[in-house]
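Notes to accompany the following structure.
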Amino acid sequence: MTQKEVLDEIKTIVVERLRFDPRRAADMTLDTTLPKGVEGSLGLDSLDFIELSVALEERFGVVIEEGEDLADDFLSMDTLSRFILTRAGHA
Amino acid sequence: MTAVPGREPTVVVAAGVCTAVAQDVDSFWSALVTGADGISPIERFPVSDLRVGRGGEIKTLTRIDDWTGIPDCRATRLLVSAADDLCGQVGGRPLPVDPRRVAVVVGTALGGVEEGERALSGDRSGKRLRGALYDAPARNLARWLGVRGPVLTVATACAAGGTAIGVGADLLRHGQADAVIAGGYDILCRFVMRGFDVLRALTRDRVRPFDRRRSGLLLGEGAALVMLRRRAEAGPRVLGHVLGYATISDGSHVSAPHPEGRGLEHAIHVALGEAGIGPDRIDFVSAHGTATALNDPIESGVLMRVLGARASAVPVNSIKPVIGHTMGAAATLEAIMCLLASRHGLIPPTLNLDDPDPTFGIDCVRGAPRVARPRISLSTCLGFGGCNGALVLEGAPP
Amino acid sequence: MNAPIVRALGWRSGWGPGLGALPEDARRAAAGRPVVSLGRPALDEERFRRATRDCLWAVAAVGAMLEDAGARREAIAGARTALIYVTAAAYGPSNRAFIERPGAVYFPYTAPAAAPAEVAIEYGLTGPLTIFIGGGVSTLRAIWHAAGLLAGATCDRVLVLAVEIFDECADLYARVRSGEDPLVEAAGCAWLERGTGTLALEEGVATAGRDDVRRRVGETFSCEPLAALGLRRSVVAGAGPIAVSARWGGEEVTLIWGGPTSGVGAGMREGSE
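Protein chains in written order, with this note's numbering: chain A, 81 to 171; chain B, 502 to 899; chain C, -3 to 269.
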């Protein structure tokens, strides 16, 4: 699996699970940041990150433990897609 | 007794409980001070697909032998069980008050939602569907009690058991009733277990409030009720008084409390203001204490600010490790615990708190009950939707 | 108890915005439709992307109230505004969705507390909050509770907000209702402030006036008393007493505004909706 493929899957999750407008998702690049409070980010809050984690587990078969500090991994589309590739054993 | 001039405190005449560790008030107290553990694997519905399948489940309802005429609705049955305990302390049913002047005010996070689950999974009876309305269990309780006064269901999420006591006190104050049966309830069901499971809020470990190793909460089920009267009508033997209450919105987030606990702090100050006392009068704090990563630091931070220099000297506990987080019942159960602490001169320990987080700076009671006779207690509660609650209670001397 | 003044009232229903959109006869206007839906309000889609329709209409009703008052949102922001949210069943659709859809959805939105939470976040409300579950009787008790809050010192104004959403559960209502008034989705919000008239709440009685309101609005559970209040907007200060009744769950309650300085309707701008 390539980073581009992971990125596309995350875009789908952003629309289907996080309920963003498809046009907003289409505009997302590897540079797009995620957490609320970061300028220009998608603006995800704690509830979105839980939803996102569940969706990533289901889609990629990775395991994300509660209590893990993943703030750095969930910072941007780039860090998140790399994290998925590592966890899924593709990196 | 303390209260704002012209504002008479509401009297708590009696209480009734139904929990995983006890189905009467005396046994409830014993369980809290002896370190009973009400957490067990859930057996009543399937949980094998969940990350965590444990909670404070009540295995058998032991008080009522014959459920004939009482709806087959678990929420109702927990309420009736708690009410049966309460009625036993005031001479049984019917209550010794004109039934038209007795109000029922109960808080809940989930109402009759399990009836909705049943209605959507094959049980097509209209009765089942009507039972899914969140106010159905309170009406069933009023019917069982044989009372015909106002019936209110309060749904300030997991703060509801505190809001209900406050709203009940207001009904008395404004002459809408001469006695109020107030409290809260919630049950363990697939709906709520899935919900908290998916939120990753449930721990695989024990519930450890204010502990360095805290890793989340476990849910419990229960019901708790108190009978409230005006002072002139209360009689000589009482459990204590409700001096003040507040439920405050923090306008911050749909599920997480304000990051600095602004709403909780405001709620405490409003409740103290209603009680007519300052924070220097607080002898004991029953914390919400869910043991989640988010709750405990926020709550301890608020207590540090409210109590100031006394923060390290005012005992704090959480009884959620014993019975789980009983949601709508929690604040009422904790209020009852506060009043019992005053009566017995003991503060129950926080079970499983082995390694207190040193960053908190509050005095958590742990290990064994502490010998102390708090007069004024503060009980805090938080819920989804930015609901922040505080109750200020005064125990009656033994 | 002192009667509060209704400074403004926002109203949205399946019949259209404002009370002026109400038909003379809801049954006839529904023409056999069991549910008259509100659809979705025009709110920022990204900001409210998670919110369920009950939350959206709660926010929209408060917006309509501000419009009616001719006030900006700053006028209600802060800790001096109390919020009382009432609903009988607006949480039904979110609860149903969570029960029926096996995947993870936003669980906190299943709580009735989600709607007032979105209102509090949107308008910056950080004052007292209460949530009552039930029909019109609960709304009247909420107004009574509001009068008590205003009599105390904890707030300067109280918003009594009621929302009912039915569409997603229309098939379930069909199981338990037949040949009755149409279920009409609605959201209303009353802005109450301290007044000098008298307020009385009578248990066990309902006035005939209620039937007139019900005939026009249809079945709106908790929202009906707010429509009744709004329909009496032509009754201005001094013209009381005004009675609003409700029935729900075997209870009957009538709230009576009285006294020489009754303020119901005062401050509510005629025709603004």
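We put the beta carbon where it would ideally sit given N, CA and C, even for glycine.
Helix, strand or coil: which one does DSSP assign to residue i?
i	result
Val581 (chain B)	helix
Ser277 (chain C)	Given that chain C is displayed from residue -3 to residue 269, the structure contains no residue 277 (chain C) and the question cannot be resolved.
His902 (chain B)	What is shown of chain B runs 502 to 899, which leaves residue 902 (chain B) out entirely.
Arg732 (chain B)	helix
Cys574 (chain B)	coil
Asp864 (chain B)	strand
Val118 (chain A)	coil
Gly234 (chain C)	Residue confidence is low: Gly234 (chain C) scores 46 on pLDDT, short of 50, so the model does not pin down where it sits. Its coordinate-derived value is still stated next. Gly234 (chain C) falls in the coil class under three-state DSSP.
Phe546 (chain B)	coil
Cys588 (chain B)	helix
Leu157 (chain C)	strand
Ile90 (chain A)	helix
Glu137 (chain A)	helix
Glu145 (chain A)	coil
Pro102 (chain A)	helix
Ser622 (chain B)	coil
Glu247 (chain C)	strand
Thr166 (chain A)	helix
Val513 (chain B)	strand
Assuming contact is defined by CB atoms lying nearer than 8 Å, are residue i and residue j in contact in what I supplied?
i	j	result
Arg602 (chain B)	Asp679 (chain B)	yes
Val159 (chain C)	Ala86 (chain C)	yes
Trp253 (chain C)	Gly193 (chain C)	yes
Val512 (chain B)	Val606 (chain B)	no
Thr748 (chain B)	Thr657 (chain B)	yes
Glu722 (chain B)	Ile688 (chain B)	yes
Leu795 (chain B)	Arg552 (chain B)	no
Ala830 (chain B)	Gly556 (chain B)	no
Val823 (chain B)	Ile863 (chain B)	no
Asp706 (chain B)	Thr122 (chain C)	no
Phe546 (chain B)	Ile95 (chain C)	no
Gly696 (chain B)	Phe103 (chain C)	yes
Ala584 (chain B)	Leu726 (chain B)	yes
Gly214 (chain C)	Val180 (chain C)	yes
Leu596 (chain B)	Gly741 (chain B)	no
Val201 (chain C)	Thr135 (chain C)	no
Cys519 (chain B)	Ile559 (chain B)	yes
Met81 (chain A)	Ala168 (chain A)	yes
Val771 (chain B)	Thr150 (chain C)	yes
Gly886 (chain B)	Ala113 (chain C)	yes
Measure how close the beta-carbons of residue i and residue j come, nearest whole angstrom, since I'm counting them as under 8 Å.
i	j	result
Leu197 (chain C)	Val209 (chain C)	Incorrect: roughly 18 Å between the Cβ atoms, too far for contact.
Ser218 (chain C)	Thr83 (chain C)	5 Å
Val55 (chain C)	Asp163 (chain C)	About 18 Å separates the two Cβ atoms, so there is no contact after all.
Val86 (chain A)	Ser161 (chain A)	4 Å
Met61 (chain C)	Leu5 (chain C)	6 Å
Gly130 (chain C)	Trp7 (chain C)	That pair is no contact at about 20 Å.
Asn889 (chain B)	Leu773 (chain B)	14 Å between Cβ atoms; not a contact.
Leu634 (chain B)	Val172 (chain C)	Their Cβ separation, rounded to whole angstroms, is 10 Å, which puts Leu634 (chain B) and Val172 (chain C) out of contact at 8 Å.
For residue i, count neighbouring Cβ atoms within 10 angstroms of its own Cβ and tell me buried if that reaches 16, exposed if not.
i	result
Asp856 (chain B)	exposed
Phe861 (chain B)	buried
Pro859 (chain B)	exposed
Trp11 (chain C)	buried
Glu220 (chain C)	buried
Arg97 (chain A)	buried
Ser230 (chain C)	Residue placement at Ser230 (chain C) is poorly supported in this model, since its pLDDT is 48, which falls under 50; the coordinates are not used for a value here.
Gly261 (chain C)	The predicted position of Gly261 (chain C) is uncertain, since its pLDDT is 48 and thus under 50; no value can be drawn from it.
Gly141 (chain A)	exposed
Val94 (chain A)	buried
Asp636 (chain B)	buried
Glu20 (chain C)	exposed
Glu176 (chain C)	exposed
Arg43 (chain C)	exposed
Lys91 (chain A)	buried
Trp568 (chain B)	exposed
Thr793 (chain B)	buried
Thr166 (chain A)	exposed
Identify the contact partners of residue i in chain D, using a Cβ-Cβ distance below 8 Å as the criterion.
i	result
Tyr102 (chain C)	Judged by its chain identifiers, the structure shown contains no chain D, and its protein chains are A, B and C.
Next item on the list: Enumerate, from N- to C-terminal direction, the unbroken beta strand (DSSP E) stretches of 3 or more residues contained entirely within the region 638 to 713 of chain B.
Entry: 652 to 655, 680 to 687
Check: Where in the region 118 to 157 of chain C do unbroken runs of the alpha helix (DSSP H), each at least 4 residues long, occur, reported from the N-terminal end onward?
Finding: 132 to 147
Margin query: Please give me, in chain order, every unbroken run of the alpha helix (DSSP H) with length at least 4 that falls completely inside the region 173 to 228 of chain C.
Written below: 205 to 213, 220 to 227
Next item on the list: Write down every uninterrupted run of the alpha helix (DSSP H) in the region 819 to 843 of chain B whose length is 4 residues or greater and which is fully enclosed by it, in chain order.
Entry: 821 to 824
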